[in-house]
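Written out below as structure tokens is the structure these notes cover.
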Amino acid sequence: MAPAEPIAADAAAPAPHFIDTPLRDATAWLAAFDRLDIPVLAATADAVEEWRANEDAVDAHLLADSMAVDPLMTLKLLRHVAMLRRDRDRDRAQSDAETATEALVMLGITPFFRDFGRQPTVEARLADQPEALAGLRKVLCRSHRAARFALGFAVHRGDHDAAQIHQAALLHDFAEMLLWAHAPTLALTLLRWQRAKPDRRSAEAQRTLLHVDLSDLQQALMKAWRLPALLVQISDDHASQQVQVRNVQLAIRLARHSAMGWDNAALPDDIDEIAVLLNLGTQPTLNLLHDLDQ
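In this note's numbering, the protein residues as written are 729 to 1022.
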């Protein structure tokens, strides 16, 4: 098979093109996000370049650690490896690589640097959109907290898939991240709608403004990109009866409801449900949550 085209930023790239009007339906959004590149965090792009200059000193674990806090780079890597596997084995439904480290081992260090040139960054893309960049950073911060909570819950439960659960929580809102990166005006409008009517369900607001439920779009993208089966399963909000899905859902809810502090009226219900998940009393659960949030 011919080498993959490098996934890189063009040094003389024109001004970024954004999606400024809602697309007609979920199929149109899927097609749009499927063909668009995924920008990454500037710190990740810089780290990749530093490792590129010292390729002989890097291994899969070191490289994965440098992108561990960047859900966009993690997503981009998993998608790339899954699509390569698909091209090699048309009968394979999904990728075998369930984490960034596994994806790098499967791809190889030299092929990684060959396929991933200098990466486009969200900071450069949204340089003239400071509100959108701030909005994206809030989603990233929430995702980091959710991933930390999810990992803590999984470790407490003794779940052997704790690493995958952590990754699922980190990537849980990637469709919203892509919306901020590629349709910042629409993302800001959606945020203002939700602030104006806080009782409105997020999915309802998304369907009204964007003509798509971002959760459903995300599931469709993961399946189209042949992402790992366990990641797709754990990220499915409609499969809440599964304990690993509950683990991720409750971590996401907790991160959302405690984003502005621990006095949100929804938190007592969240804590009660987390206590059931972890088989703990209320106070031990609170103690654990505050420890995880340090």
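Ideal Cβ positions, reconstructed from N, Cα and C, are used throughout, including at glycine.
Given the structure is predicted, the values throughout are model-derived calculations rather than measurements.
Can you tell me which residues form a DSSP beta bridge with residue i?
i: Thr849; result: Val768
Do you know offhand how far residue i's Cα is from residue j's?
i: Leu1008; j: Ala785; result: 45 Å
i: Thr772; j: Asp798; result: 7 Å
i: Gly880; j: Arg842; result: 36 Å
i: Ala855; j: Met950; result: 28 Å
i: Pro858; j: Thr755; result: 29 Å
i: Cys869; j: Arg813; result: 32 Å
i: Ala987; j: Thr827; result: 27 Å
i: Ala952; j: Gly863; result: 27 Å
i: Arg873; j: Met905; result: 15 Å
i: His888; j: Ala882; result: 8 Å
i: Leu832; j: Leu800; result: 15 Å
i: Glu1001; j: Leu861; result: 33 Å
i: Asp760; j: Arg752; result: Per the sequence presented here, residue 760 reads as Ala, with Asp not at that position. Using only the alpha carbons, I get a separation of about 11 Å.
i: Leu1016; j: Thr1010; result: 10 Å
i: Asp725; j: Ala948; result: As displayed, the chain neither begins before 729 nor continues past 1022, which places residue 725 out of reach and without an answer.
i: Leu914; j: Asp748; result: 7 Å
i: His884; j: Ala890; result: 10 Å
i: Arg853; j: Ala775; result: 18 Å
i: Gln934; j: Leu916; result: 12 Å
i: Thr838; j: Val960; result: 28 Å
i: Ala781; j: Leu898; result: 28 Å
i: Ile999; j: His808; result: 38 Å
i: Ala993; j: Leu982; result: 12 Å
i: Gln1022; j: Ser943; result: 29 Å
i: His789; j: Phe840; result: 13 Å
i: Arg923; j: Leu791; result: 39 Å
i: Phe844; j: His985; result: 37 Å
i: Arg928; j: Leu958; result: 31 Å
Is residue i buried or exposed, if buried means 16 or more other CB atoms sit within 10 Å of its CB?
i: Lys925; result: exposed
i: Pro1012; result: exposed
i: Met729; result: Low local confidence applies: a pLDDT of 40 at Met729 is under 50, so the model's placement there is unreliable, with the coordinate-based value given in what follows. It counts as exposed.
i: Arg920; result: exposed
i: Trp990; result: exposed
i: Asp787; result: exposed
i: Gly886; result: exposed
i: Met795; result: buried
i: Phe971; result: For clarity, residue 971 is Val in the given sequence; the question names Phe instead. It is exposed - the Cβ of Val971 has fewer than 16 other Cβ atoms within 10 Å.
i: Glu778; result: exposed
i: His1018; result: exposed
i: His900; result: buried
i: Asp793; result: exposed
i: Val1004; result: exposed
i: Ser673; result: Outside the modelled stretch of the chain, which goes from 729 to 1022, sits residue 673, for which no answer is possible.
i: Ala878; result: buried
i: Ala979; result: buried
i: Gln946; result: buried
i: Pro996; result: exposed
i: Thr802; result: buried
i: Thr936; result: exposed
Kindly indicate which residue of the options has the alpha-carbon position closest to the one of residue i.
i: Leu764; options: Ala903, Gly836, Leu791; result: Ala903
i: Gly836; options: Ala933, Leu868, Arg885, Glu783; result: Glu783
i: Leu1020; options: Leu769, Phe761, Arg876; result: Arg876
i: Leu805; options: Gln895, Glu778, Leu914; result: Gln895
i: Thr849; options: Ala890, His910, Ile1002; result: His910
i: Arg708; options: His884, Leu769, Leu899, Leu907; result: One cannot answer for residue 708 here, as it falls past the ends of the chain, which runs 729 to 1022.
i: Leu866; options: Trp908, His745, Arg954, Ala1003; result: For clarity, residue 866 is Lys in the given sequence; the question names Leu instead. Minimum Cα distance to Lys866 is reached at Trp908.
i: Ala931; options: Gln922, Arg923, Asp941; result: Asp941
i: Gln892; options: Pro750, Ile766, Glu830; result: Glu830
i: Ser871; options: Pro750, Val976, His745; result: Val976
i: Met811; options: Leu938, Arg954, His966, Arg984; result: Arg954
i: Glu851; options: Leu791, Ile766, Thr802, Phe844; result: Ile766
i: Pro956; options: Arg928, Asp965, Asp824; result: Asp824
i: Pro744; options: Leu758, Pro750, Pro912, Trp757; result: Pro912
Are the C-beta of residue i and some C-beta of chain B separated by less than 9 Å?
i: Gly886; result: You won't find chain B in this structure, because it holds only one protein chain.
> In the segment 949 to 1012, which residue ranges form an unbroken alpha helix (DSSP H) of at least 4 residues, counting only runs that do not cross its ends?
Replying inline: 957 to 962, 971 to 985, 995 to 1006
>> Ignoring anything shorter than 4 residues, give me the alpha helix (DSSP H) runs that lie fully in the segment 777 to 818, in order along the chain.
In response: 788 to 794, 799 to 816
> What are the start and end residues of each continuous alpha helix (DSSP H) run of 4 or more residues lying completely inside the segment 905 to 955, in chain order?
Replying inline: 912 to 924, 930 to 938, 942 to 952
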